[in-house]
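All remarks here apply to the structure that follows.
In our numbering, the protein residues as written are 28 to 120.
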């Protein structure tokens with residue numbers, strides 16, 4: 028579960044009702060709300076709550092451009108989480 032503040036930022040809420048503490052050195056994109064596409068085994072943060080329209084190009088938080096496929100045969104497994112997306116989502120310099 029997640030909550031959106033008035034300034035537009037998101038906070039992930041745990042099952043106990045308290046905010047989840049995020050470790051900057053250990054990406055855990057399971058706690059990030061929204062669209063998280065996997066490209067080449069690396070899971071990124073899409074910066075949107077839902078996947079964009081198929082066939083369009085979207086920019087990830089790390090700056091990578093991803094073209095949304097028109098159809099998906101199967102979900103690709105995530106081997107790693109993108110550290111740059113994680114740092115950007117946490118607001119680190």
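No residue lacks a Cβ here, since even glycine has one placed at the ideal position from N, Cα and C.
- The residues 61, in chain order, have a CB closer than 6 Å to that of residue 76 in the same chain once the five nearest residues on each side in sequence are set aside.
- Here the alpha carbons of residue 117 and residue 96 stand approximately 28 Å from one another.
- Sequence-distant Cβ neighbours of residue 107 in its own chain, meaning closer than 6 Å and more than five residues away, are 69.
- Here the C-alpha atom of residue 90 lies approximately 15 Å from the C-alpha atom of residue 119.
- If you ignore the 5 residues before and after residue 86, its C-beta comes within less than 6 Å of the C-beta of 92, all in its own chain and listed in chain order.
- The closest CA to that of residue 72, considering only 115, 105, 63, 80, is found on 63.
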